[in-house]
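K.L.:
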Amino acid sequence: MNLKYIIIFILIIAILALGVFTSFNGLSIGNYDIIPMKEVIKLGLDLRGGVYVVLEAQETEEDPINDEKMSRAIATIRQRVDGLGVAEANVSKQGDNRIRVSIPDIQDQESALELIGKTAQLEFIGPDEEVILTGAQVVDSKAVYQKSEMGVEQPVVTLEFNDEGTKAFADATEKFIKQPIAIVLDGEVISSPNVQNVITNGEAIITGQNSLQEAADLSTLIRAGALPVTLKAVEIRSVGPTLGQDSLSKSLTAALIGILLVFLFMIIYYRLPGFIASIALVFYVLLFFTILVGINTTLTLPGIAGLILSIGLAVDANVIIFERIKEELKLGKTLRTALDSGFSRALTSILDSNITTIIAGAVLFFFGTGPIKGFAVTLMIGIGVSMFTAIIITRYLLRLVIKMNIFSNTKLYGAGGK
Amino acid sequence: MKIIEYRKLWFAISAMIIIIGGIILSINGLNFGIDFAGGTIINIDLHQTFEVSEIRDITDTFDERADITYSGDDREQVIIQTQESLSNGQRKEIFSQFQNKYNLTEKDLLSIDQVDPIIGDELKNQVLIAVSIAVIAMLIYITFRFELSFALSAIIALTHDMLIVLAFYTIMRIQVNAPFIAAMLTILGYSINDTIVIFDRIRENRKRFKKNDYKNLVNTSISQSIARSINTSLTTLITITVLYILGVEAIRNFALPLIVGFLSGTYSSIFIASPVWYMLKTRKQGNPRAV
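Residue numbers (this note's numbering), protein chains in the order written: chain R, 80 to 497; chain V, 2 to 292.
Given below as structure tokens:
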């Protein structure tokens, strides 16, 4: 027995246990706070719920697309999305003629999709079918409650015109007094009030809103203005908060059970080295998530799949090593030499097999988009970390255990018995 | 182990599965899902059991060809899939009819997926390019680290695995969506990984065998690494199977081809890659020994 190595071993286990505890529960020492892992990891829309849309500008011969129009369209969409009041929403350009919008934590997916996709061409049309003014002449718009003629509080949208609009509206209300003026949004009449008086102050209201939220959405659309190009949603991925939560907890449960089963298998089949490998695997998972947070990657559902797959490959590296050690022991070598030659013989095969897989992962990363990229990132991190833990950590721990001189029976290492 | 001696049997088993898949493929084609063919999927939690006909009452007014499937742990969720891209207004209308009929809130609208066929075509091209580049890159790496005959055999085994998974999808009429691609690419990595470990053993053992004794070289190398091959497949299969059993729909779509692919990958590294390598080596010497 060698006390020194036993203490080192126990110390390592204790540090590892602390690491696991910290990443689950967080830790505060004096002025330093370590936040639990699950709160620092950025989750993808598929795990937290949210809306992802790719909009494509539709080109026509009279209306070609240019960069200026795309920039204006992006600015308009951004303003609309901001109107939703969601932090971390993202609007960006993709290629020449596409706009990618992602909004996390959305409760009402359809309303958000509607808000993003509307052209929002607002027009006031007189009974003679002539356009009086458009949304371009509106400088401000708000959603408020207002008493109706019957004295009931109802949500309405207020409009404030610019000078040009004020003049046009005054002329029109004078011309069409006691006649209806239609307020049309994207070709759909949303209200058609009769003109009561000549309106010269440049203000108007839109009634007929079902809720204050609906009024607020409409006023956001009007403030942001009409889109300069027609946009078509070519891809919509929208996940409600319930499904996102469900996916996350189910995948994590699956990952946990999977890992525990693998531990069990390793310990039963490879005994002491299997136990050591399980410790190394805990280290692996910790390191994996630390790197994930460190490089600020977003964890998605395919990402979790990549993690689980890489756990499988991490075990593979250990399996290759232990099989080699077993063989060396059967040749009659001592524990320490069997360990060293087992490791060095396993090394080329671990390196060659994992590098080919990394090559595949790298190609996926550079040529894939969205979910495929997410998968490639975790797969590559996973393989890198797994080689490190198998070659460095497992080896160090096994050497330490041998030096402890408690477990010297080679049967514990899987030799003999056959 | 007499792996080389029975190689015609192994080849025949694989060829049979692939040919059946190929025949069905040429008749029926692949069952492309919305990610490739385009369309809309709406997933709603109804919080109660239901009949497909009840759902059709609502969806028939929008698309009579819509697919209705059950989902969720208690089969209380419905997945509606149409081939048409529905407009925002149509989707809203469908959901509000569900809301009225089953008394739902906005949160019960679990997910919406809508893809234009253009996106599907782009994805197909992207995948073909990615796979071709990955295969060439791996071919170069293996040739560099081993030799060309190993690289060719590994790529043949890899193609075999992809064809087997494709055959599985064709025969079972499972929908092909984006996760299928990610899965195929994973199998690509795994299959190579698995094969390389056995080839590494062959490379190492070469010095110990007589120059032309490829049969014993391959058989011995496989016997030596078979425990590893089986144990690795077992542990990987454990994690993926748990994922399949406990995972949500999106995860399952990914896990299923992986399970088939990993089984095929393990099989091919032992029964396809090594015998193919043996044949390449013996053919080169003008010495194709019959069994």
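Here a beta-carbon is modelled for each residue, glycine too, at the ideal position from N, C-alpha and C. Given the structure is predicted, the values throughout are model-derived calculations rather than measurements.
#1: Could you give the first and the last residue of the continuous beta strand (DSSP E) run that contains residue 193(R)?
#2: Find out if the Cβ-Cβ distance for the pair residue 40(V), residue 94(V) is shorter than 9 Å.
#3: What's the gap between the Cα of residue 368(R) and the Cα of residue 137(R)?
#4: Which of the three DSSP states, helix, strand or coil, is assigned to residue 231(R)?
#5: Along the chain, where does the alpha helix (DSSP H) that runs through residue 93(V) open and close?
#6: Would you decide whether residue 100(R) is buried or exposed? Buried here means 16 or more other CB atoms lie within 10 Å of its CB.
#7: DSSP three-state call for residue 482(R): helix, strand or coil?
#8: Anyone know if the C-beta pair for residue 470(R) and residue 422(R) falls short of 9 Å?
#9: Is any beta-carbon of chain R found at less than 9 Å from that of residue 89(V)?
#10: Can you pull the chain R residues whose beta carbon is under 8 Å from the beta carbon of residue 127(V), in chain order?
#11: In whole angstroms, what is the alpha-carbon distance linking residue 217(R) and residue 241(R)?
#12: From residue 127(R) to residue 180(R), what does the alpha carbon distance come to, in whole angstroms?
#13: Who are the neighbours of residue 440(R) on chain V, taking C-beta pairs under 8 Å?
#14: Go through the stretch 8 to 88 of chain V residue by residue and report every complete run of the alpha helix (DSSP H) that reaches 4 residues or more, in order.
#15: Cα separation between residue 101(V) and residue 59(V)?
#16: Pull up the DSSP beta-bridge partners for residue 312(R), would you.
#17: What does the Cβ neighbour count give for residue 289(V), buried or exposed, with the cut at 16 atoms within 10 Å?
#18: My assumption, with CB atoms under 8 Å, is that residue 219(R) sits in contact with residue 159(R). Please give the rounded CB distance.
#19: Would residue 186(R) count as contacting chain V if we go by Cβ distances under 9 Å?
#20: Touch check for the stretch 52 to 71 of chain V and the stretch 24 to 39 of chain V: three-plus C-beta pairs under 8 Å?
#21: Can you give me the Cβ contacts of residue 497(R) inside the same chain, cut-off strictly under 7 Å, excluding the 5 residues immediately before and after it?
#22: Using 8 Å for Cβ pairs, my map puts residue 319(R) next to residue 112(V). What's the rounded Cβ distance?
#23: Select from 156(V), 215(V), 122(V) the residue whose C-alpha is nearest the C-alpha of residue 133(V).
#24: Going by CA-CA distance only, name the one from 165(V), 121(V), 176(V), 149(V) that's closest to residue 12(V).
#25: Going by alpha carbons, who is nearest to residue 249(V) out of 125(R), 377(R), 346(R)?
#26: Considering only their Cβ atoms, is the gap separating residue 271(V) from residue 227(V) smaller than 9 Å?
#27: Mind checking which residues open and close the alpha helix (DSSP H) that includes residue 177(R)?
#28: State the Cα-Cα distance for the pair residue 506(R) and residue 52(V), rounded to the nearest angstrom.
#29: Using DSSP with H/G/I as helix, E/B as strand and the rest coil, what is residue 499(R)?
#30: In chain R, what lies closer than 9 Å to residue 107(V) by C-beta?
#31: How close, in whole Å, do the beta carbons of residue 266(V) and residue 162(V) come, if the pair is a contact with beta carbons under 8 Å?
#32: Suppose the cutoff is 8 Å on Cβ atoms and the five residues either side in sequence are ignored; what does the same chain contact list for residue 346(R) look like?
#33: If you compare alpha carbons, which of 467(R), 213(R), 260(R), 342(R) is closest to residue 239(R)?
#34: Rounded to a whole number of angstroms, what is the C-alpha to C-alpha distance between residue 221(R) and residue 280(R)?
#35: Residue 198(V) to residue 427(R), Cα distance in whole Å?
#36: For residue 21(V), which residues of its own chain have a beta-carbon under 8 Å away from its beta-carbon, when the five flanking residues on both sides are left out?
P.N.:
Let me lay it out:
#1: Here residue 193(R) belongs to no beta strand (DSSP E); instead the alpha helix (DSSP H) covers 188 to 196.
#2: no
#3: 42 Å
#4: coil
#5: 89 to 103
#6: exposed
#7: helix
#8: A contact, by the Cβ cut-off of 9 Å.
#9: yes
#10: Simply 446, 447, 448.
#11: 6 Å
#12: 16 Å
#13: 190
#14: 8 to 29, 35 to 38, 53 to 60
#15: 11 Å
#16: 134(R)
#17: The predicted position of residue 289(V) is uncertain, since its pLDDT is 49 and thus under 50; a value taken from the coordinates is nonetheless stated next. When all chains shown are included, residue 289(V) counts as exposed.
#18: No, residue 219(R) and residue 159(R) are not in contact; Cβ-Cβ is about 16 Å, not under 8 Å.
#19: yes
#20: no
#21: Caution is warranted here: a pLDDT of 41 is assigned to residue 497(R), below 50, making its placement in the model unreliable, and the coordinate value is therefore given only provisionally. Closer than 7 Å at the Cβ level, and outside the excluded window around residue 497(R), lies no residue.
#22: 6 Å
#23: Selection 156(V), 215(V), 122(V) evaluated against residue 133(V) yields 156(V) as nearest (Cα-Cα).
#24: 165(V)
#25: With respect to the C-alpha of residue 249(V), the residue from 125(R), 377(R), 346(R) having the closest C-alpha is 125(R).
#26: yes
#27: Not the alpha helix (DSSP H): residue 177(R) falls in the beta strand (DSSP E), residues 177 to 183.
#28: Nothing about residue 506(R) can be reported from this structure: the residues present for chain R run from 80 to 497 only.
#29: Only positions 80 to 497 of chain R appear in this structure, which leaves residue 499(R) out of reach.
#30: The contacting residues are 186, 187, 188, 189, 190, 319.
#31: Residue 162(V) and residue 266(V) do touch by the CB rule: their CB atoms are close to 5 Å apart, below 8 Å.
#32: 353, 354, 357
#33: It is 213(R).
#34: Cα to Cα, the separation comes out at about 16 Å.
#35: When rounded, the separation of the alpha-carbon atoms in residue 198(V) and residue 427(R) is 9 Å.
#36: The beta carbon of residue 21(V) sits closer than 8 Å to those of 168, 172, all from its chain and outside the five residues before and after it, given in chain order.
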